[in-house]
Each structure stands twice: as C-alpha cells, then as structure tokens.
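Colleague: For the sequence shown, position 44 matches number 45 in my numbering, and the numbering has no gaps at all.
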Amino acid sequence: MGDALGMPLEFGPPRPSDGMVREMTAGRLPAGSFTDDTEMALALAESLLARRPLDPADLARRFVAWYRAGPPDIGIHTRSVLARIARGEPWDQAVQAVQRRRPDSAGNGSVMRCWSVALAYGGDLDGLLADSRLQSQVTHPHPECLAGSAFVNAAIFHLLRGAPPVQAVAQA
Numbered sequence: 002m003g004d005a006l007g008m009p010l011e012f013g014p015p016r017p018s019d020g021m022v023r024e025m026t027a028g029r030l031p032a033g034s035f036t037d038d039t040e041m042a043l044a045l046a047e048s049l050l051a052r053r054p055l056d057p058a059d060l061a062r063r064f065v066a067w068y069r070a071g072p073p074d075i076g077i078h079t080r081s082v083l084a085r086i087a088r089g090e091p092w093d094q095a096v097q098a099v100q101r102r103r104p105d106s107a108g109n110g111s112v113m114r115c116w117s118v119a120l121a122y123g124g125d126l127d128g129l130l131a132d133s134r135l136q137s138q139v140t141h142p143h144p145e146c147l148a149g150s151a152f153v154n155a156a157i158f159h160l161l162r163g164a165p166p167v168q169a170v171a172q173a
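1. Does DSSP put V118 in a helix, a strand or coil?
2. Roughly how many angstroms separate the alpha carbons of L120 and R101, rounded to a whole number?
3. Going along the chain, which residues of its own chain have a beta-carbon closer than 6 Å to the beta-carbon of H143, five neighbours each way excluded?
4. Can you give me the C-alpha to C-alpha distance between A148 and V112, rounded to a whole angstrom?
5. Determine the burial state of D132: buried for a count of at least 16 other Cβ atoms within 10 Å of its Cβ, exposed for fewer.
6. Within 10 Å of its beta-carbon, does I77 have 16 or more other beta-carbons around it, so buried, or fewer, so exposed?
7. For the putative contact between P57 and Q168, defined by C-beta atoms under 8 Å, what is the C-beta separation to the nearest angstrom?
8. Using CA atoms only, rank isn't needed, just tell me which of L55, P54, A46, G89 is closest to R69.
9. Cα separation between L83 and P73?
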C-alpha cells in the first residue's frame, strides 16, 4: 500500500516533510499502481516460499518472467541484467558482465525489494542475512548493495521483535 500511495511522488521534487501532501496524482502509472520495487519483492517472496534457503537461479527465472511481461517501470541496471539472462546467459555471468561495464554501479534496486526476506525468516537472523545478500547478488552485486540489503533486513528483524526504531537501526 505504501508503494501505491508513494508512487506518484517518486522522482518528483523534494517536498517538506512537515506538511500534508494533498496532491498525489502526478504519477507515471495509474492511481493505485505499485512500482517495480513491489513487483520484484513479490517475486522474491514467491521464490522464498518455493525454496529456502533462496535459490538464486529460481529467483532469476522469476525476475525474467516478470521482465518479459513488460512492466512499465524498471531500473536501468536491473533491465540490463535481466535482458542478458532472458537471452540465455546464466544469471551469475549476466550480473557480473553488467557490473564489469559499470563497476561503481550501486543502485538501490535490491534494497527496495529485500523486505520479503525479513518476513520469510522469522527468528533465523543468520539465514536472513545470507539470503538478503544473495537476493541482491542476482541483480546488484556491488558490496554496498549486499551490505545495504543485509542492514535493512537486520533492522526489520529487530523492529518485528518490538525494538524501537533507533534501537533497531543501532542493532542492525
């Protein structure tokens, strides 16, 4: 729901956080739509329901099926990786080839979808951290992306156990 509400504000100018946002209809998708972030999080959740620990080849197949359906919104880096996989290149070779071309590319795509892992892992922090990094590796292998996904999910892990936000971030 948050993605559907926030989508019209994505890529727009910064707005003050102290006021009420009344106009949320300027988005590039129809009202109530959610973005590629939620669509990829759902594919990740389906992969985790089918196979745990995470099977990166299964996740890559699910991402490619979504990619082939022609989503209206997809990040440049993610599109580059999935296009190579869709042409038959193994996921690990595809992602490394794209990363070699742009070694400093460290987008937020894997962080935007990573929450599915936090919800799947219950009390298993080690499994959560491993699969947080692994799901990032499928499209965003930069070390900062791997660390970011693990950090966000560690914070979610602590929040789900009742930690106040500041404490959850500190524990992550």
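We put the CB at the ideal spot given by N, CA and C, even for glycine.
Modeller: If we stick to the structure as given:
1. Note: V118 maps to helix in three-state DSSP.
2. Looking at the two C-alpha atoms, the distance is approximately 32 Å.
3. The answer, listed in chain order, is A107.
4. The C-alpha of A148 lies about 9 Å from the C-alpha of V112.
5. Buried, by the Cβ-count rule.
6. Taking every protein chain shown into account, the CB of I77 has fewer than 16 other CB atoms within 10 angstroms, so this residue is exposed.
7. No, P57 and Q168 are not in contact; Cβ-Cβ is about 32 Å, not under 8 Å.
8. The shortest Cα separation from R69 among L55, P54, A46, G89 belongs to G89.
9. Annotation: L83 to P73 spans about 15 Å, alpha carbon to alpha carbon.
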